[in-house]
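Engineer: Residue numbers (the working numbering): 45 to 361.
Beta carbons are placed, not taken as given, at the ideal position from N, Cα and C, and that holds for glycine.
1) Measuring only from the beta carbon, is residue 166 closer than 8 Å to any heavy atom that is part of the ligand ZN?
2) Under the rule that 16 or more other beta-carbon atoms within 10 Å means buried, what is residue 45, buried or exposed?
3) Since residue 109 is in the alpha helix (DSSP H), which residue starts that stretch and which ends it?
4) Using a Cβ-Cβ cut-off of 8 Å (strictly less than) and excluding sequence neighbours within five positions of residue 290, which residues of its own chain qualify?
5) Run through DSSP, which three-state label would residue 8 get?
6) Could you tell me the boundaries of the alpha helix (DSSP H) in which residue 346 lies?
7) Spatial neighbours of residue 276 within its chain, please: CB distance less than 6 Å, with the 5 preceding and 5 following residues excluded, ordered by chain position.
8) Does the separation of the CB atoms of residue 237 and residue 251 fall below 9 Å?
9) Does residue 354 come out as helix, strand or coil in the three-state DSSP assignment?
10) Could you tell me the boundaries of the alpha helix (DSSP H) in which residue 203 lies?
11) Flag this pair as yes or no: are the beta carbons of residue 197 and residue 269 separated by less than 9 Å?
12) What are the boundary residues of the alpha helix (DSSP H) that includes residue 165?
13) Can you name the start and end residues of the alpha helix (DSSP H) that residue 126 belongs to?
14) Roughly how many angstroms separate the alpha carbons of residue 309 and residue 134, rounded to a whole number?
15) Is it right to say residue 126 is buried, meaning 16 or more other beta carbons lie within 10 angstroms of its own, or is it exposed?
16) Using DSSP with H/G/I as helix, E/B as strand and the rest coil, what is residue 220?
17) For the 8 Å Cβ check, are there 3 or more pairs between the stretch 239-253 and the stretch 142-162?
18) Which residue spans inside the stretch 243-299 form an unbroken alpha helix (DSSP H) run of at least 4?
19) Can you tell me the Cα-Cα spacing of residue 265 and residue 239, whole angstroms?
20) What span of residues does the alpha helix (DSSP H) with residue 83 cover, start to end?
21) Taking its Cβ as the centre, do 16 or more other Cβ atoms sit within 10 Å of residue 369, making it buried, or is it exposed?
22) By DSSP, does residue 176 sit in helix, in strand, or in coil?
23) Residue 243: which of 258, 224, 215 sits nearest, CA to CA?
24) Suppose you measure from the CA of residue 55 to the CA of residue 82; what does that come to, to the nearest Å?
25) Between the Cα of residue 194 and those of 173, 211, 206, 154, spot the shortest distance and give me the residue it belongs to.
26) What residue does the alpha helix (DSSP H) around residue 236 start on, and which one ends it?
27) Is it the case that the Cβ atoms of residue 166 and residue 199 are separated by a distance below 9 Å?
28) Closer than 6 Å by C-beta to residue 293: which residues in its own chain qualify, once you throw out the five before and the five after it? Chain order, please.
29) In its own chain, which residues sit with a C-beta less than 7 Å from the C-beta of residue 249, not counting the 5 before and 5 after it?
30) Assign residue 80 to buried or exposed, taking buried as 16 or more other Cβ atoms, counted over all protein chains shown, within 10 Å of its Cβ.
31) Three or more C-beta pairs under 8 Å: does that hold for the stretch 211-231 against the stretch 117-131?
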């Protein structure tokens, strides 16, 4: 490794450590090369996210994401982290569509966001997180094409957890990811979630909690399908992914069972002892032969969410 690449890896690890505690804890279980490539992949995704969120204008964000897409496609000279990620993608046979669909998802976040129905919801989750599942599957050395569906399910599950946790924060940014079809089914609308006074509406919050409960159940099913595909991952990195997914799933479970699926109580966070418990749980699942045997026997070749992803680059059929 050259001095320049060593510095880039160190910088990438610092980005991971600062912005993703669950993934940082999980990365300790990865072999050194996998950990470096995972950090580079995360740093690339973080760069893309920052270009979308921190640009001074909508036009600048569109321009910057377009420039990043051109670098990925080899149409312009790449900056160091993009070149490093492209190297990882080439070595690990990660489809180019994983990165380009991610950028399309981030572009859809620019300005006001309103998602109409479950199809739009799942397609958004695939673009901004299912694609990361594809990337990480490659980084971990998974080659079986049947691993694609569980990898995407796991990424989608984590994104659903994010969306359910961040309803209040997203509304402050004029973004509503909760499908309006689900809100209307309980007598609510996107406008309700955007109203600062809605937090004081006890009946409205109760109805919203029912919607969040249903979405968290969708996430639970996706986590389970993702875990059933863990046998595709080599043993040591499998532990890292199980730890990360348990830690992330515990955010949704805490929202459900401690805060009654009410996303307006404030930001749900798992306390330190809960993260330790999650870490040990992930290690147990990876090592215990009964749990491991169950995962392998229950593996599913397709996901019920795949119908909503038709036509998206890299998505499982």
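Structural biologist: The short version:
1) Of the ligands one can find in the structure shown there are none, so the ligand ZN has no counterpart to examine.
2) Counting from 1 along the chain shown, the entry for residue 45 is found at position 1. Any reading at residue 45 must be qualified, since the residue scores a pLDDT of 47, below 50, and its modelled position is unreliable; the value itself is stated next. It is exposed - the Cβ of residue 45 has fewer than 16 other Cβ atoms within 10 Å.
3) Here residue 109 refers to the residue found at position 65 when the chain shown is read from its first residue. For residue 109, the enclosing alpha helix (DSSP H) has its first and last residue at 102-116.
4) Within the chain shown, the letter at position 246 stands for residue 290. Correct list, in chain order: 322, 323, 325, 326, 329.
5) Here the chain has residues from 45 to 361 only, and residue 8 is not among them.
6) Start at 1 with the first residue of the chain shown, and residue 346 comes out as number 302. Premise fails: residue 346 is in no alpha helix (DSSP H) and is neither H nor E.
7) What you label residue 276 is simply residue 232 of the chain shown in a count that begins at 1. Contacts found: 186, 188, 191.
8) As a working mapping, residue 237 is identified with position 193 in the chain shown. As a working mapping, residue 251 is identified with position 207 in the chain shown. No, Cβ-Cβ distance for residue 237 and residue 251 is not below 9 Å.
9) Sequence index remark: in the chain shown, residue 354 carries index 310 (1-based). Coil at residue 354, not helix or strand.
10) In the chain shown, residue 203 corresponds to position 159, counting from 1. Note, residue 203: alpha helix (DSSP H), 192-209.
11) On the chain shown, residue 197 is found 153 positions in, with the first residue counted as 1. On the chain shown, residue 269 is found 225 positions in, with the first residue counted as 1. Taking 9 Å as the Cβ cut-off, residue 197 and residue 269 qualify as a contacting pair.
12) By one-based count along the chain shown, residue 165 stands at place 121. Residues 162-169.
13) Residue numbering aside, residue 126 sits at position 82 when the chain shown is read from its first letter. DSSP places residue 126 inside the alpha helix (DSSP H), whose first and last residues are 124-136.
14) Position 265 of the chain shown, counted from the start, is the residue given in the question as residue 309. Position 90 of the chain shown, counted from the start, is the residue given in the question as residue 134. If I take the Cα positions, the gap works out to 44 Å.
15) One-based indexing of the chain shown puts residue 126 at position 82. Label assigned to residue 126: buried.
16) Here the question's residue 220 lines up with position 176 in the chain shown. Looking at residue 220 - three-state DSSP - the assignment turns out to be strand.
17) no
18) Within the stretch 243-299, the complete alpha helix (DSSP H) runs of at least 4 residues fall at 246-272.
19) The count along the chain shown starts at 1 and reaches residue 265 at position 221. The count along the chain shown starts at 1 and reaches residue 239 at position 195. The straight-line gap from Cα to Cα measures roughly 31 Å.
20) If you number the chain shown from 1, residue 83 lands on position 39. First-last of the alpha helix (DSSP H) with residue 83: 76-97.
21) As shown, the chain starts at 45 and ends at 361. That puts residue 369 outside it, with no answer to give.
22) Walking along the chain shown from the start, residue 176 turns up at place 132. Under the three-state reduction of DSSP, residue 176 is assigned to helix.
23) Along the chain shown, one-based indexing puts residue 243 at 199. Taking only the C-alpha atoms, the option nearest residue 243 is 215.
24) Working through the chain shown from its first residue, we reach residue 55 at position 11. Working through the chain shown from its first residue, we reach residue 82 at position 38. Going from the Cα of residue 55 to the Cα of residue 82 covers about 13 Å.
25) Counting from one through the chain shown, the residue named residue 194 turns up at place 150. Checking every option, the nearest Cα to that of residue 194 belongs to 173.
26) Counting from one through the chain shown, the residue named residue 236 turns up at place 192. Looking at the DSSP string, the run of the alpha helix (DSSP H) that includes residue 236 is 234-238.
27) If you number the chain shown from 1, residue 166 lands on position 122. If you number the chain shown from 1, residue 199 lands on position 155. Not closer than 9 Å, so no.
28) Taking the chain shown and counting its residues from 1, one reaches residue 293 at position 249. Hits under 6 Å: 267.
29) In the chain shown, residue 249 corresponds to position 205, counting from 1. So the list reads 306, 308, once near-sequence residues are dropped.
30) In the chain shown, residue 80 corresponds to position 36, counting from 1. Flag for residue 80 reads buried.
31) no
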